[in-house]
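Colleague:
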Amino acid sequence: MLALWAFARARPVDASPVTAADGGTLWPLAIAAAATVAAYATRSAGLPLVLAAGGWLAWKRRWRDLALLAAVVLPFAVAWWVRARMMGGPGYTSFLWYVDPYRPSLGTVSFGGMLERISRNTGKYAGEHIPNLLIGARDTGLARAAGVAVVGLAAAGWALRVSRAGVAELLLPLYLGLVLVWPAEWAGERFILPVLPVLLLYAAEAVAKGTSRVGAARAAGVAGTAVVLLMALPAQKAAASGGSHCRAEFRRGEPFPCVRPPWQDFFHLAGQARGTLPEGSVVLSRKPTLFWAFSGYPSRTYPFSAEPDTLLAEARRAGAEYVVVDQIDNVAAMYLAPVLIRRSKGFCVVQSMGADRPTLMGILPDAERAADTGSGRQGETVDVAFASCGPAYRRAPDGKRLGPERLLR
1 MLALWAFARA
11 RPVDASPVTA
21 ADGGTLWPLA
31 IAAAATVAAY
41 ATRSAGLPLV
51 LAAGGWLAWK
61 RRWRDLALLA
71 AVVLPFAVAW
81 WVRARMMGGP
91 GYTSFLWYVD
101 PYRPSLGTVS
111 FGGMLERISR
121 NTGKYAGEHI
131 PNLLIGARDT
141 GLARAAGVAV
151 VGLAAAGWAL
161 RVSRAGVAEL
171 LLPLYLGLVL
181 VWPAEWAGER
191 FILPVLPVLL
201 LYAAEAVAKG
211 TSRVGAARAA
221 GVAGTAVVLL
231 MALPAQKAAA
241 SGGSHCRAEF
251 RRGEPFPCVR
261 PPWQDFFHLA
271 GQARGTLPEG
281 SVVLSRKPTL
291 FWAFSGYPSR
301 TYPFSAEPDT
311 LLAEARRAGA
321 EYVVVDQIDN
331 VAAMYLAPVL
341 IRRSKGFCVV
351 QSMGADRPTL
361 MGILPDAERA
371 ADTGSGRQGE
381 TVDVAFASCG
391 PAYRRAPDGK
401 RLGPERLLR
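Everything in the sequence shown is counted per the UniProt record's numbering, starting at 1 for the first residue and increasing by one.
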């Protein structure tokens, strides 16, 4: 929103040249460029804003403004791309064409499958996610009606602005296009939230335009706002009560109040690992950025493969000697459990929070030579015992390893 606000004020609406007298308008553009970089750095979904801003400035032939935007955005974007290639970590967009990002073995989506995904996402956002953000309800008749109404009115409002399009008018179709082709498994309120204010603005303008002929634009706006507020009141009341409960839990010493137990355990395990592993340790985990934030150790996502050799090859490439088994979702059960069962002699326990709770496992130096039991197929129940890791997997007082040299670098 900051970027859109600043772009709207960066240059005169009529695209007249900047003179010495009004050269100060470059400051809003500088703010817009900085906000664009921040959006891109926050999530890959910020890319549409970069494209919309650059495309609009080129379309309006504002070359000096485009040069300033490029000078701010390109160095960071190139550095970020180079870092990603050097680190070897996949970005979200690398999973875009998978049928299911959590099951890469299913392959890439077909043209018909992409159309089905777009249709499914359209229904989920219009019938669930947008109304849940507005009135705190989803997948009900009222919620679907509210969501469809907002989307329809927003489309009409956007069409009214096309003839005088700005960055926002280019951003919306680009951003929604990305959201709709995004894997449906990742669909959620967090993706539509960045453009929700724009959708509401366009919807309000459509209502105002439609009622202005009868002189009821202001009354329609007030009535529409009142209806939305009344519909959202029960959810807001429940949210306020829940927030009060969460704050009370935090004051009682719970560091992660109102967070699902599997997530609490993951955060606790990462926090307990801080300062206990040798310097330079790398950990494979389900949520590498969060694990790094709480533990202080670099982390990489483990491969979504149930083949032991695939996991061990990735660990060797990343220099990782640890892997976190968690219960955040069923991904660890799908991929880590079969690997650990089949090569049980290649892993040891560094730290465990108990049965059916997160465990930090160590990858033994000879894990690739450990016998493959062939067990651990999906749906198969197998009892496996793991040995405790030796002191080589713990931090010495000087911060280094208590034991032999590391095999994986």
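Glycine residues also receive a C-beta, built at the ideal position from the N, C-alpha and C atoms. Predicted, not measured: the structure shown is a model, and the values here were computed from it.
1. Who are the near neighbours of V384 in its chain, counting only those whose CB is closer than 6 angstroms to its CB and skipping five residues on each side?
2. Cα separation between F294 and M1?
3. Among the residues of its own chain, which have a CB less than 6 angstroms from the CB of D22, if the five just before and after it don't count?
4. Looking at the structure shown, is R342 part of a helix, part of a strand, or coil, going by DSSP?
5. Are V323 and A333 touching if we call contact CB-CB under 9 angstroms?
6. Are the CB atoms of R395 and G275 nearer to each other than 9 angstroms?
7. What separation, rounded to the nearest whole angstrom, lies between the Cα atoms of A38 and R218?
8. Rounded to whole angstroms, what is the Cα-Cα separation between A67 and V179?
9. Report back the beta-carbon spacing between A206 and A156 to the nearest angstrom; my notes put them in contact at under 8 angstroms.
10. With a threshold of 8 angstroms on Cβ separation, who are the neighbours of T122 within its own chain once the five nearest residues in sequence on each side are excluded?
11. At what residues does the beta strand (DSSP E) containing R300 begin and finish?
12. Within 10 Å of its beta-carbon, does P191 have 16 or more other beta-carbons around it, so buried, or fewer, so exposed?
13. Restricting to Cα atoms, I'd like to know which of G107, K124, G296, S299 is closest to V148.
14. Which class does L96 belong to by DSSP, given the choice of helix, strand or coil?
15. In whole angstroms, give me the CA-to-CA distance for F267 and W27.
16. CB-CB under 6 angstroms to L312, same chain, minus the five flanking residues each way: which ones, in chain order?
17. Relative to the C-alpha of F7, which candidate in L57, T225, G177 has its C-alpha closest?
18. Of all the options A370, M231, V350, W263, which has the alpha carbon lying nearest to the alpha carbon of S281?
19. Ignoring anything shorter than 4 residues or poking outside the stretch 106-130, list the alpha helix (DSSP H) runs there in chain order.
20. Within its chain, find whatever has a CB closer than 8 angstroms to the CB of V331; leave out the 5 residues flanking it on each side and keep chain order.
21. Buried or exposed for L4, going by 16 or more other Cβ atoms inside 10 Å?
22. Can you grab the Cα-Cα spacing for the pair residue 445 / M353, in whole Å?
23. Let's test the definition: count the other Cβ atoms within 10 Å of the Cβ of G107 and tell me whether it reaches 16, buried, or not, exposed.
24. Tell whether a beta-carbon distance below 9 angstroms holds between V151 and A126.
25. Is DSSP giving W276 helix, strand or coil here?
26. Whose CA, out of G112, L196, W158, A232, lies closest to the CA of A143?
27. From what residue to what residue does the alpha helix (DSSP H) around G362 run?
28. Could you give the C-beta distance for I363 and G390, rounded to a whole number, given that I count them as a contact under 8 angstroms?
29. Are the stretch 73-80 and the stretch 181-200 touching by the rule of at least three beta carbon pairs closer than 8 angstroms?
30. Pick helix, strand or coil for A355, following the three-state DSSP scheme.
Modeller: A quick look at the data gives this:
1. As a position in the sequence shown, residue 384 is number 384, starting the count at 1. Contacts found: I341, S344.
2. Locating residue 294 in the sequence shown gives position 294, counting from the first residue. Locating residue 1 in the sequence shown gives position 1, counting from the first residue. Whole-angstrom Cα-Cα distance: 30 angstroms.
3. Counting from 1 along the sequence shown, the entry for residue 22 is found at position 22. In this prediction, D22 scores a pLDDT of 46, lower than 50, which makes its location untrustworthy; the coordinate-derived value is nonetheless stated afterwards. Non-local C-beta neighbours of D22 in its own chain, meaning closer than 6 angstroms and more than five positions away in sequence, are absent.
4. Position 342 of the sequence shown, counted from the start, is the residue given in the question as residue 342. Correct three-state label for R342: helix.
5. Taking the sequence shown and counting its residues from 1, the one referred to as residue 323 is at position 323. Taking the sequence shown and counting its residues from 1, the one referred to as residue 333 is at position 333. Not a contact, by the Cβ cut-off of 9 angstroms.
6. Here residue 395 is taken as the residue at index 395 of the sequence shown, counted from 1. Here residue 275 is taken as the residue at index 275 of the sequence shown, counted from 1. Yes, the pair counts as a contact, with Cβ atoms nearer than the cut-off.
7. Position 38 of the sequence shown, counted from the start, is the residue given in the question as residue 38. Position 218 of the sequence shown, counted from the start, is the residue given in the question as residue 218. Taking the Cα positions, A38 is about 36 angstroms away from R218.
8. By one-based count along the sequence shown, residue 67 stands at place 67. By one-based count along the sequence shown, residue 179 stands at place 179. Using only the alpha carbons, I get a separation of about 29 angstroms.
9. Position 206 of the sequence shown holds residue 206. Position 156 of the sequence shown holds residue 156. Contact flag correct, Cβ pair sits at about 4 angstroms.
10. Here residue 122 refers to the residue found at position 122 of the sequence shown. So the qualifying residues of the chain are L180.
11. Numbered from 1 along the sequence shown, position 300 holds the residue referred to as residue 300. That run of the beta strand (DSSP E) goes 299-301.
12. If you number the sequence shown from 1, residue 191 lands on position 191. Correcting the residue identity first, residue 191 is Phe in this sequence and not Pro. So F191 counts as buried.
13. Numbered from its first residue, the sequence shown carries residue 148 at position 148. It is K124 whose Cα lies nearest to the Cα of V148.
14. Indexing the sequence shown from 1 puts residue 96 at position 96. Coil, per DSSP.
15. Reading the sequence shown from its first residue, position 267 is the one you call residue 267. Reading the sequence shown from its first residue, position 27 is the one you call residue 27. Approximately 41 angstroms between the Cα atoms of the pair.
16. Locating residue 312 in the sequence shown gives position 312, where the first residue counts as 1. Cβ within range, chain order: A367, E368.
17. Position 7 of the sequence shown, counting from 1, holds the residue named residue 7. The option with the nearest alpha carbon to F7 is L57.
18. One-based indexing of the sequence shown puts residue 281 at position 281. Here the closest residue by C-alpha is V350.
19. Runs found: 111-124.
20. In the sequence shown, the residue the question calls residue 331 occupies position 331. Around V331, the same chain offers Y102, R286, F304 as residues with beta carbons nearer than 8 angstroms, after the five sequence neighbours per side are excluded.
21. If you number the sequence shown from 1, residue 4 lands on position 4. Residue environment: L4 is assigned as buried (16 or more neighbouring CB atoms within 10 Å of its CB, all protein chains considered).
22. Outside the displayed span of the chain (1 to 409) sits residue 445, for which this structure offers no information.
23. Taking the first residue of the sequence shown as 1, we reach residue 107 at position 107. The residue in question, G107, is exposed, as its Cβ has fewer than 16 Cβ neighbours within 10 Å.
24. By 1-based counting over the sequence shown, the position of residue 151 is 151. By 1-based counting over the sequence shown, the position of residue 126 is 126. Taking the C-beta atoms as reference points, A126 is found nearer than 9 angstroms to V151.
25. For this step, residue 276 is matched to residue 276 along the sequence shown. In the sequence as displayed, the identity of residue 276 is Thr instead of Trp. Looking at T276 - three-state DSSP - the assignment turns out to be coil, as it is neither helix nor strand.
26. Numbered from 1 along the sequence shown, position 143 holds the residue referred to as residue 143. Nearest option by C-alpha distance: A232.
27. Here residue 362 refers to the residue found at position 362 when the sequence shown is read from its first residue. G362 -> not in any alpha helix (DSSP H); beta strand (DSSP E) instead, spanning 359-363.
28. Reading the sequence shown from its first residue, position 363 is the one you call residue 363. Reading the sequence shown from its first residue, position 390 is the one you call residue 390. The pair is not a contact, with the Cβ atoms about 13 angstroms apart (cut-off 8 angstroms).
29. Counting C-beta pairs with one atom in each stretch, the stretch 73-80 and the stretch 181-200 have fewer than three that are closer than 8 angstroms, which means they do not touch.
30. On the sequence shown, residue 355 is found 355 positions in, with the first residue counted as 1. If DSSP states are grouped into helix, strand and coil, A355 belongs with coil.
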